[in-house]
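Chemist:
Residue numbers (the working numbering), protein chains in the order written: chain C, 1 to 376; chain G, 1 to 698.
1) With distances taken between CB atoms, is the gap from residue 23 of chain G to residue 325 of chain C smaller than 7 Å?
2) Applying the 10 Å Cβ sphere with the 16-neighbour rule, what's the burial state of residue 558 of chain G?
3) When the Cα atoms are used, what is the spatial distance from residue 109 of chain G to residue 225 of chain G?
4) Run through the stretch 615 to 689 of chain G for me and flag every whole alpha helix (DSSP H) of 4 or more residues, listed as ranges in chain order.
5) Between residue 3 of chain G and chain C, is the shortest Cβ-Cβ distance under 7 Å, so that the two count as touching?
6) Using a Cβ-Cβ cut-off of 6 Å (strictly less than) and excluding sequence neighbours within five positions of residue 199 of chain G, which residues of its own chain qualify?
7) Residue 332 of chain C touches chain G at which residues, Cβ-Cβ below 7 Å?
8) Are the stretch 157 to 169 of chain G and the stretch 24 to 37 of chain G touching, with three or more C-beta to C-beta distances below 8 Å?
9) Given that residue 245 of chain C touches chain G, what residues does it touch there, using C-beta distances under 8 Å?
10) Report buried or exposed for residue 355 of chain G, applying the criterion of at least 16 other Cβ atoms within 10 angstroms of its Cβ.
11) Please return the same chain residues whose Cβ sits closer than 6 Å to the Cβ of residue 509 of chain G, not counting the five positions on each side in sequence.
12) Which of helix, strand or coil does DSSP assign to residue 314 of chain C?
13) Between the alpha carbons of residue 203 of chain G and residue 366 of chain C, how many angstroms are there, rounded?
14) Buried or exposed: where does residue 118 of chain C fall if 16 or more other Cβ atoms within 10 Å of its Cβ makes it buried?
15) Are the beta-carbon atoms of residue 321 of chain C and residue 298 of chain C separated by less than 7 Å?
16) Return the CA-CA distance between residue 705 of chain G and residue 614 of chain G, expressed in angstroms with no decimal places.
17) Locate the alpha helix (DSSP H) running through residue 300 of chain C, then write down its first and last residues.
18) On the criterion of 16 or more Cβ atoms from any shown chain inside 10 Å, does residue 130 of chain C qualify as buried, or is it exposed?
19) Going residue by residue through the stretch 329 to 355 of chain C, where are the continuous alpha helix (DSSP H) segments of at least 4 residues, counting only ones entirely within it?
20) Using a Cβ cut-off of 7 Å (strictly closer), state whether residue 50 of chain G contacts chain C.
21) What residue from G/449, G/666 and G/532 has the CA that sits closest to residue 485 of chain G's CA?
22) Could you check whether residue 144 of chain G and residue 93 of chain G sit closer than 7 Å to each other, using their CB atoms as the reference points?
23) Please go through the stretch 277 to 365 of chain G and give each complete beta strand (DSSP E) segment of 3 or more residues, from N-terminal end onward.
24) What residues match up with residue 227 of chain G in a beta bridge as DSSP calls it?
25) I think residue 432 of chain G touches residue 259 of chain G, with their Cβ atoms under 8 Å apart; what is that distance to the nearest whole Å?
26) Express the C-alpha separation of residue 10 of chain G and residue 3 of chain G in angstroms, rounding to a whole number.
27) Which complete alpha helix (DSSP H) runs does the stretch 145 to 176 of chain G hold, if anything under 4 residues is left out?
28) Classify residue 104 of chain G: buried if its beta carbon has 16 or more other beta carbons within 10 angstroms, exposed otherwise.
29) Would residue 328 of chain C count as contacting chain G if we go by Cβ distances under 7 Å?
30) Could you give the DSSP three-state label for residue 12 of chain C: helix, strand or coil?
31) Going along chain G in order, which residues have a C-beta closer than 7 Å to the C-beta of residue 336 of chain C?
32) Using a Cβ-Cβ cut-off of 7 Å (strictly less than) and excluding sequence neighbours within five positions of residue 669 of chain G, which residues of its own chain qualify?
33) Give me the Cα-Cα distance between residue 19 of chain G and residue 8 of chain C, rounded to the nearest whole angstrom.
34) For a contact defined as C-beta to C-beta under 8 Å, what are the partners of residue 30 of chain G on chain C?
35) Terminal residues of the continuous beta strand (DSSP E) containing residue 70 of chain G?
36) For the beta strand (DSSP E) containing residue 512 of chain G, name the first residue and the last one.
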């Protein structure tokens, strides 16, 4: 048996999703390598340093995916409540004692191994798993406010509320993902409207609190600046202009791998603006492929749900799929100046350990579901 | 229920299409616009200059230092300074600028200037150039400026100027680093340490070649350079430079160089180079290190040492000087000055620096088969062929011909001429390094200029003295070499330079530049002197070389020697460790008139003083009071009679003793003058009855 067929036989489940994950990993390595020039130059190390580091992380991510795929998805259902109970104090701790990177407190430094860790990435997985579990287990009395609705929305509000001060965009995306998941899980529009209202109310409170008391924790000023930049500046702020130059430079087929020029002028060309780099090097064509890969991933998740509408597995796969695709679209939308500047990474693509790790977990969960649901 | 999921799917697909549409719009429909913008708003990471480290002298005095100054500009673009901020601060800012920064404009003048610049959206209005740091700190607090760069438009860019507080002092050795020019001296050699790490900062071009920083988090701060501490002693350097300057002026020379080195360590204490320059004498080139010249007579020491080391000669061997003229094949060799000697000792030949004598000794000593090779190998065993490896650039290895080598144009006359310092080239520093090794009992040290690398006053790296050759020759040879060099000063060509203050040892050199090629009429001389001081316990070695003296003599002894003497004199006078302690010398023979005669006082005290001064004395006194009596070269203590109620003789006593004795006898004492008692108004032996007594002191 050749190596290829061996891998093929090993990777059961939805092989289209497998292909998408592996393709994204390959593109990720290529584009991160060519866009780390500035940061390598700045830190005085060779670009190979970042290549090796990223390569290591990508392989680690794929192994994580594989490991999560091996676990039966029902295992996730069982651990979901504990994950939530763990995520909440972790987020509180991050707000209180977290390390500040780029003026936002999103990170904690893990003791002993001394690696920074973005806690919200973990919380996202935990919350979506929990919501999927809650919806599926309460399917029969989903219309009941007290016993079904509150246990779902309270964790959503708490987790999103804790993520929001330092990372509003992540919180909003997570909130939207949960809303959509509930919407698909047959929760009535009325309740969803109620949750939306709660979310908006909580956000208003945060803004007021941030203005009056905690201006160092809640980044209200940054939110305002970004919003006003977005609405007042039709050409976009400096980074956006650079991203647009990159996209324009790439044309239809791009400048070719490794030929990006704008990577030197784009802040975070290897994470927040990696899509612009991809468009510069591989053109609109490459950009379209990457965009399609994410949409395709979501299509496959939908296919699972169609197979088994109400099950936990289907909702879990859909939730994770939505989380990935929504964040991907949001990230890309920033580069094309469709939404205000956020600090979101491109899932399974950007350089950055925590994001890559938990997005791999999400992919692994989807694959686990696809593997066992096929067997039904 | 599937409709819900299709709604979401449709939404996502729609959004993806929207995104892609947007990308197409940017890339294709707006493509030209963005590509044009790229050309226009050129942004790049630009280097931010780091503060260069300082160069210190041995005692910490600054030899070279970078003083920062700032250029202050104002970015008046409305993207940076809001109308509100501009209008609110305009008057007070104009007042501050006119009062504290530049009063060539009035308050109104500044106001107009600012308004004008604002209208033109000037992003880089010059406020003031060359602002020192302390002034910058004040200016930063002005209205508007205190809002910083991104709200107040305040741009302060650091630049720096290299200053040398001692100007000419060791100028060439300290060196410089300038763009497009080969770096020179220590600044060049230690550039990596001194320059620090440049910072990097994203900057945007606003006009022409003007760049302003872009608000970006990716700035890296520049790291200031390390300092280096040299071995240069500012005082000795100053002495050396001054002495050399006097000499090159006096003799109207081409150039001069002088080096002072610490014998034990090889640390260079002073290095001076003076060449002609349109504005007078200046450190135009590092002759000491980079100038390979035929050393001439100073090389004779190496020849003599080679002979002695190979047991080819004893200092008392005789040699015929042939009245200072001899032939080697067709070439005539002459001595530099007339001496009228025929048969003489090898020692004498060296002391009077006879070319004939030394070359004949060498030719005679190495007349066996392959003798020349033996001579060359002996020179190499004394490390004479090695470069010193000094830190600064520009040194070449000595050129010493390989024996019988065709390539090196070895000929029958090479050996005799080489033995007197021709047909080979060495730099002054290389010659000095050899003399230093002799002074250091045969241990050759690597000459060095830098002792430490420091950062913020803390030592990062220390350079220990390095031994090049532990033993260039046997102790016996070294001892004899020292004798020869001392002989040059006592009896030879440097006799006139000798001083009674201290002994020094050295060798004169009077080389004719291009000895063999030049016609007699065009002879150009090169006077040199290499040696060390004090002779008994050498502390410093020194070489002086003056090229092309045109007046007031040309011999090494009269041109370079006096410079050496002046440097040695001043070092000797200013350096306590070089002074021989008084009590280390032989005691002076006592002369009667210097001896204490007729000094009177308490016997015990006088004995204490005499023994402290180590003056021998005889004790003949048997009472409490005594008086000295000196005869020939001895001192005797005799009894001074002091009786109750009788006025004694107090002559020779100090006032304290005299007062005590007289007042205890109830006398009223008056004194005149200061010193010891020389006369008293009442004769000794008179009964004391409370009289008035007048003492004259001197």
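We put the beta carbon where it would ideally sit given N, CA and C, even for glycine.
Modeler: Walking through what the data contain:
1) In the second chain, counting from the first residue as 1, residue 23 of chain G sits at position 23. In the first chain, counting from the first residue as 1, residue 325 of chain C sits at position 325. No, these two residues do not count as a Cβ contact at 7 Å.
2) Looking up residue 558 of chain G in the second chain gives position 558. So residue 558 of chain G counts as buried.
3) The residue given as residue 109 of chain G occupies position 109 in the second chain. The residue given as residue 225 of chain G occupies position 225 in the second chain. Taking the straight line joining both Cα atoms gives about 42 Å.
4) 655 to 663
5) Counted from its first residue, the second chain places residue 3 of chain G at position 3. False, the Cβ-Cβ gap to chain C never drops below 7 Å.
6) Numbered from its first residue, the second chain carries residue 199 of chain G at position 199. Once the five neighbours on either side are set aside, the close Cβ partners of residue 199 of chain G are 48, 220, 221 and 222.
7) Here residue 332 of chain C corresponds to residue number 332 of the first chain, with the count starting at 1. Result: 19.
8) no
9) In the first chain, the residue the question calls residue 245 of chain C occupies position 245. Those within 8 Å of residue 245 of chain C in chain G are 34, 35, 37 and 38.
10) As a first step, residue 355 of chain G is located in the second chain; it is residue number 355 there, counting from the start. The residue in question, residue 355 of chain G, is buried, as its Cβ has 16 or more Cβ neighbours within 10 Å.
11) Residue mapping note: residue 509 of chain G aligns to position 509 of the second chain, counting from 1. Counting only Cβ-Cβ distances below 6 Å, and skipping sequence neighbours, we find 296, 297, 298, 528 and 556.
12) Residue numbering aside, residue 314 of chain C sits at position 314 when the first chain is read from its first letter. Note: residue 314 of chain C maps to helix in three-state DSSP.
13) What you label residue 203 of chain G is simply residue 203 of the second chain in a count that begins at 1. What you label residue 366 of chain C is simply residue 366 of the first chain in a count that begins at 1. In a straight line, the C-alpha of residue 203 of chain G is about 45 Å away from that of residue 366 of chain C.
14) Here residue 118 of chain C refers to the residue found at position 118 when the first chain is read from its first residue. Buried, because 16 or more other Cβ atoms sit within 10 Å of the Cβ of residue 118 of chain C.
15) Locating residue 321 of chain C in the first chain gives position 321, counting from the first residue. Locating residue 298 of chain C in the first chain gives position 298, counting from the first residue. Yes, these two residues count as a Cβ contact at 7 Å.
16) Residue 705 of chain G lies beyond the range of chain G shown here (1 to 698); nothing can be said about it.
17) As a first step, residue 300 of chain C is located in the first chain; it is residue number 300 there, counting from the start. Here the alpha helix (DSSP H) through residue 300 of chain C covers 274 to 307.
18) Along the first chain, read from residue 1 onward, the residue named residue 130 of chain C stands at position 130. Under this definition residue 130 of chain C is a buried residue.
19) none
20) Taking the second chain and counting its residues from 1, one reaches residue 50 of chain G at position 50. Not closer than 7 Å to any Cβ of chain C, the Cβ of residue 50 of chain G fails to qualify, so no.
21) Locating residue 485 of chain G in the second chain gives position 485, where the first residue counts as 1. Ranking the options by Cα distance to residue 485 of chain G, first place goes to G/532.
22) The residue labelled residue 93 of chain G in the question sits at position 93 within the second chain. The residue labelled residue 144 of chain G in the question sits at position 144 within the second chain. Yes, the pair counts as a contact, with Cβ atoms nearer than the cut-off.
23) 280 to 282, 318 to 320, 325 to 328, 331 to 334 and 343 to 345
24) Within the second chain, numbered from 1, the residue matching residue 227 of chain G stands at position 227. Per DSSP, G/454.
25) Within the second chain, residue 432 of chain G is the residue found at index 432, counting from 1. Within the second chain, residue 259 of chain G is the residue found at index 259, counting from 1. Sure, about 5 Å apart at Cβ, within 8 Å.
26) Translated into the one-based positions of the second chain, residue 3 of chain G becomes position 3. Translated into the one-based positions of the second chain, residue 10 of chain G becomes position 10. Rounded to whole angstroms, residue 3 of chain G to residue 10 of chain G spans 10 Å at the Cα level.
27) 149 to 152 and 171 to 174
28) As a first step, residue 104 of chain G must be located in the second chain, where it is residue number 104. Per the 10 Å Cβ criterion, exposed.
29) Taking the first residue of the first chain as position 1, residue 328 of chain C is located at position 328. No, residue 328 of chain C lies away from the interface with chain G (no Cβ there is under 7 Å from its Cβ).
30) In the first chain, counting from the first residue as 1, residue 12 of chain C sits at position 12. If DSSP states are grouped into helix, strand and coil, residue 12 of chain C belongs with coil.
31) As a working note, residue 336 of chain C is residue 336 in the first chain. Those within 7 Å of residue 336 of chain C in chain G are 19, 22, 23 and 26.
32) If you number the second chain from 1, residue 669 of chain G lands on position 669. 659, 662, 663, 693 and 695, listed in sequence order.
33) Residue 19 of chain G sits at position 19 when you count from the first residue of the second chain. Residue 8 of chain C sits at position 8 when you count from the first residue of the first chain. Rounded to whole angstroms, residue 19 of chain G to residue 8 of chain C spans 34 Å at the Cα level.
34) Here residue 30 of chain G refers to the residue found at position 30 when the second chain is read from its first residue. Per Cβ cutoff of 8 Å: 244 and 248.
35) Looking up residue 70 of chain G in the second chain gives position 70. Residues 62 to 74.
36) Here residue 512 of chain G refers to the residue found at position 512 when the second chain is read from its first residue. Run containing residue 512 of chain G: 505 to 513, per the beta strand (DSSP E) assignment.
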